[in-house]
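A.B. asks: A single structure is presented below for examination.
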Amino acid sequence: DAGVIQSPRHEVTEMGQEVTLRCKPISGHNSLFWYRQTMMRGLELLIYFNNNVPIDDSGMPEDRFSAKMPNASFSTLKIQPSEPRDSAVYFCASRTTGVEQYFGPGTRLTVT
Amino acid sequence: DQQVKQNSPSLSVQEGRISILNCDYTNSMFDYFLWYKKYPAEGPTFLISISSIKDKNEDGRFTVFLNKSAKHLSLHIVPSQPGDSAVYFCAAFGGSNYKLTFGKGTLLTVNP
């Protein structure tokens, strides 16, 4: 079975540009999570979807960040406009009814 | 306010010896704990978990111990192998129906 799929794996962009990160959760999983990992703050939960509905977006740092889940097999995290401090590794994770979350390989974002 | 703390950023052990990774938590609402392992350029992968009703859970070379009164858990790896070299994250669940709270991780290096 395929795990969580994320694209792109690496993204380098200039400050001010729009960035879109993509995630395909494991089939049958009904919960999806977006995380950001930085050296300073570790793994931070940005937003959580359950059955495609955003339940908690309190971790989204500011209005420049937005996330959507139009269907059960696809989600996007968009940053517009991007800033150098957004440089981090962004992970998507999914789960069913259990506690364990299954992570994708991540997208390394560099904003210059 | 860091609710899950891994106070050792790194640990180095010899192949064949025991590795002990530690984790402390502050929130008494946490009732389930997990360890994840992360290799470079990959997402965290679930390793082992323990419910708060237990004090020990074992899976092959990996054992997790929970001391609820001390709000402390540890992961023991015996015997350690070079392939165990990775970052290990402690995570806690409870007080909500979805959120995992992660520590900042400990880099384990197992030397041949």
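So the sequences go chain by chain: A and B. Take the first sequence: its position 76, counting from 1, is numbered 66 in the numbering used here, and each next residue is one higher. Each number in the numbering used here comes from the position in the second sequence (counting from 1) with 996 added on. Built from N, CA and C at the ideal position, the CB exists for glycine as well. None of the values given here were measured: they were computed from a predicted structure.
1. I'd like to know whether the C-beta of V2(A) is nearer than 9 Å to at least one C-beta of chain B.
2. Alpha carbon to alpha carbon, how far is K58(A) from V1106(B)?
3. What residues match up with L36(A) in a beta bridge as DSSP calls it?
4. Output the distance between the C-alpha atoms of L1096(B) and S21(A), rounded to the nearest integer angstrom.
5. Do I1046(B) and Y1028(B) have their CB atoms nearer than 9 Å?
6. Do you know offhand how far I1087(B)'s Cα is from F93(A)'s?
7. Out of E1011(B), F1042(B), S1004(B), C1019(B), point me to the one whose CA is closest to G1079(B)'s CA.
8. In chain A, which residues lie with their C-beta within 7 Å of the C-beta of L1096(B)?
9. Is there a C-beta anywhere in chain B that falls below 9 Å from the one on L11(A)?
10. State the Cα-Cα distance for the pair G49(A) and E34(A), rounded to the nearest angstrom.
11. For Y80(A) and Y1084(B), what's the separation of their Cα atoms in angstroms?
12. What are the start and end residues of the beta strand (DSSP E) that includes T1097(B)?
13. Let me know the secondary structure DSSP gives R75(A) once reduced to three states.
14. For F55(A), which residues from the same chain have a beta carbon less than 6 Å from its beta carbon, with the 5 sequence-adjacent residues on both sides left out?
15. Could you say if the segment 1000 to 1011 of chain B and the segment 1045 to 1063 of chain B meet the contact criterion of at least three C-beta pairs nearer than 8 Å?
16. Thinking C-alpha only, which one of K1100(B), Q1077(B), L1062(B) is nearest V1009(B)?
C.D. replies: For this structure:
1. No, because no Cβ of chain B sits closer than 9 Å to the Cβ of V2(A).
2. Each residue's Cα considered, the two are about 41 Å apart.
3. Its beta-bridge partners do not exist; DSSP assigns none.
4. CA-CA distance, L1096(B) to S21(A), rounds to 13 Å.
5. In terms of Cβ geometry, I1046(B) and Y1028(B) form a close pair [threshold 9 Å].
6. Checking the displayed sequence, the identity of residue 1087(B) turns out to be Ala instead of Ile. Straight-line Cα distance between these residues: approximately 14 Å.
7. Of E1011(B), F1042(B), S1004(B), C1019(B), the residue nearest in Cα terms is E1011(B).
8. Within 7 Å Cβ-Cβ: Q91.
9. Not closer than 9 Å to any Cβ of chain B, the Cβ of L11(A) fails to qualify, so no.
10. Distance between the alpha carbons of G49(A) and E34(A): 7 Å.
11. The straight-line gap from Cα to Cα measures roughly 18 Å.
12. T1097(B) -> beta strand (DSSP E) spans 1096 to 1098.
13. Correct three-state label for R75(A): helix.
14. Taken in chain order, the residues that qualify are I69.
15. Of all C-beta pairs linking the segment 1000 to 1011 of chain B to the segment 1045 to 1063 of chain B, fewer than three are shorter than 8 Å, placing the two stretches out of contact.
16. When each option's Cα is compared against that of V1009(B), the closest is Q1077(B).
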